[in-house]
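The block underneath contains the structure these notes are about, expressed in structure tokens.
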Amino acid sequence: MTNIKSFAFLDLETTGLPEYEFSRTKITELSVVACSREHLQLESTLELPRVVHKLSLCFNPFRMISHKSSQSTGLYNDLLQHEGLFDANAGELLRLFLSRLQKPVCLVAHNGYRFDFILLKKQLTSIGITLEAGSVVCIDSIAAFRSIEADIERSTLENCDGLDDAVSELEYRTVRMLDMLQQSGSAKEENSRQSLTPPSEEIERKHKQAVQAHLAVSPGEYNRNGTASETMDEMLSQPATMGVLECLEVASNFMADQKKRNEKTPQTSRTGREEDNEDVEDGFFEQTQKPAPASRPCTSSRARKRLFPADSSTEGTQSTQRRRYNLTELYKRTVGRDLQNAHRAEQDTMALLECVAMHAERFIVYAEAHCVPFESIKGSFY
Numbered sequence: 005m006t007n008i009k010s011f012a013f014l015d016l017e018t019t020g021l022p023e024y025e026f027s028r029t030k031i032t033e034l035s036v037v038a039c040s041r042e043h044l045q046l047e048s049t050l051e052l053p054r055v056v057h058k059l060s061l062c063f064n065p066f067r068m069i070s071h072k073s074s075q076s077t078g079l080y081n082d083l084l085q086h087e088g089l090f091d092a093n094a095g096e097l098l099r100l101f102l103s104r105l106q107k108p109v110c111l112v113a114h115n116g117y118r119f120d121f122i123l124l125k126k127q128l129t130s131i132g133i134t135l136e137a138g139s140v141v142c143i144d145s146i147a148a149f150r151s152i153e154a155d156i157e158r159s160t161l162e163n164c165d166g167l168d169d170a171v172s173e174l175e176y177r178t179v180r181m182l183d184m185l186q187q188s189g190s191a192k193e194e195n196s197r198q199s200l201t202p203p204s205e206e207i208e209r210k211h212k213q214a215v216q217a218h219l220a221v222s223p224g225e226y227n228r229n230g231t232a233s234e235t236m237d238e239m240l241s242q243p244a245t246m247g248v249l250e251c252l253e254v255a256s257n258f259m260a261d262q263k264k265r266n267e268k269t270p271q272t273s274r275t276g277r278e279e280d281n282e283d284v285e286d287g288f289f290e291q292t293q294k295p296a297p298a299s300r301p302c303t304s305s306r307a308r309k310r311l312f313p314a315d316s317s318t319e320g321t322q323s324t325q326r327r328r329y330n331l332t333e334l335y336k337r338t339v340g341r342d343l344q345n346a347h348r349a350e351q352d353t354m355a356l357l358e359c360v361a362m363h364a365e366r367f368i369v370y371a372e373a374h375c376v377p378f379e380s381i382k383g384s385f386y
């Protein structure tokens, strides 16, 4: 584990991407913003370290800048035609800048392992500049923030293990209390209502409720011929002194009468058009009517929509958990606002410093455990 003393945030703007330029990509802008580990730890997450060191240089690549790169960075060949090359003087300037910082120095670049560190190492090697061995290490901030955010989610879940049980217990007690209050209020209301209802009216009301519950129909449902409605009205108008057996007998007769009526199929009147059609021979329709198109057999599709079956434990959560780690998305997710002037080297390094400051302790721990010496970085993309 390396005891890092300073962090130098690096960003490069280039003529294009190496895969489209046959690995002949040149640097058009270089920016380094550095601060000490101590100041990074002391400052709050709402402020950047007050003591920072900056180095920003633009170069004439003597190579055509791709249109897409110019649109992203705002750097065009005509703007850089009077700037100097990335030569030995520029390389020595970078080396002296890093040598002024407390050592060891950790270079931090977003996607550095796949782009920035490789291109910088290649450019320095081509002009014969080497950084002091053992004094400069490097770390890719994409890998660092992937680990940091995963660690934060893991810690959040571990700290909330007992929270669900506590919330469930509180909800249970609250619901029980509400039920008790509701039952108490209902009992008081029922007692008050019963005390105000005359006995005779109460008996008649219960009698009608019993008849309706036994019949399991609402008045007027079977009123096509008027019989059901009249029978229902007659039963409900009976005095409350009517016996239970008599009620059951009347109800049984009523249901039997309705069953017979429902089993009888009603006769429909024949129209004149139907009577005229009886004189037409059956063969006429067979010759004139178009045959019905053959229905397509319905077969269930057995085509596989996925090459590999999705894991049931993760299905439905991958799309919500998938995150993008380009600097623009990371800055918005971490700092809480949009990144202005992206793909300007100095703005990108300051944005990366802000993101690291939000998770300073976790980032330092990760960097010390996973940083690699700069001399171990390969000097070519292929």
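Under our numbering, think of the first position of the sequence shown as 5, with each following residue one higher.
Here a beta-carbon is modelled for each residue, glycine too, at the ideal position from N, C-alpha and C.
Selected residue, minimal CA-CA separation from residue i, among the options
| i | options | result |
| --- | --- | --- |
| Glu379 | Cys359, Leu343, Ile133 and Met5 | Ile133 |
| Leu34 | Glu42, Ser60 and Glu372 | Ser60 |
| Glu25 | Ala147, Gln186, Lys72 and Ile156 | Lys72 |
| Arg339 | Glu51, Leu16 and Leu44 | Sequence check: residue 339 is Val here, not Arg. Checked all of Glu51, Leu16 and Leu44; the closest Cα to Val339 is Glu51. |
| Ile146 | Asn115, Arg326 and Glu157 | Asn115 |
| Ile368 | Arg99, Cys110, Leu84 and Tyr117 | Cys110 |
| Gln106 | Asp144, Tyr80, Asn64 and Cys39 | Cys39 |
| Pro53 | Arg118, Lys30 and Leu356 | Leu356 |
Rounded Cβ spacing between residue i and residue j (contact assumed at less than 8 Å)
| i | j | result |
| --- | --- | --- |
| Ala12 | Leu135 | Not quite, the Cβ-Cβ distance comes to about 11 Å (not below 8 Å), so this is no contact. |
| Val141 | Cys375 | 4 Å |
| Gly95 | Ile131 | 5 Å |
| Thr32 | Ile69 | 7 Å |
| Leu46 | Ala361 | That pair is no contact at about 11 Å. |
Sub-8 Å separation of residue i and residue j beta-carbons
| i | j | result |
| --- | --- | --- |
| Val329 | Cys359 | The amino acid at residue 329 is misidentified as Val; the sequence shows Tyr. No. Outside cutoff. |
| His363 | Thr77 | no |
| Asp82 | Arg366 | no |
| Leu128 | Thr18 | no |
Residue i versus residue j - alpha carbon distance
| i | j | result |
| --- | --- | --- |
| Ala113 | Asn163 | 32 Å |
| Ser139 | Ala371 | 15 Å |
| Arg28 | Thr332 | 27 Å |
| Pro108 | Thr6 | 8 Å |
| Lys309 | Lys58 | The pLDDT assigned to Lys309 is 49, lower than 50, so where the model puts this residue is not dependable; a value taken from the coordinates is nonetheless given after this. Those two C-alpha atoms are separated by around 53 Å. |
| Glu350 | Asp15 | 7 Å |
| Ser10 | Lys126 | 24 Å |
| Arg104 | Leu97 | 11 Å |
| Ile381 | Phe121 | 7 Å |
| Glu23 | Ser151 | 28 Å |
| His86 | Arg67 | 13 Å |
| Val55 | Thr353 | 15 Å |
| Pro1 | Phe90 | The chain is shown only over 5 to 386; residue 1 falls outside these bounds and no answer can be derived. |
| Arg118 | Leu161 | 33 Å |
| Ser74 | Ser159 | 42 Å |
| Tyr80 | Arg41 | 36 Å |
For residue i, the residue or residues it bridges with in DSSP
| i | result |
| --- | --- |
| Ile143 | Val112 |
| Ser35 | Asp15 and Ser60 |
| Val376 | Cys142 |
| Ser384 | Its beta-bridge partners do not exist; DSSP assigns none. |
| Ser408 | A query on residue 408 cannot be resolved here, the shown segment of the chain reaching from 5 to 386 and no further. |
| Ser10 | Ser40 and Val109 |
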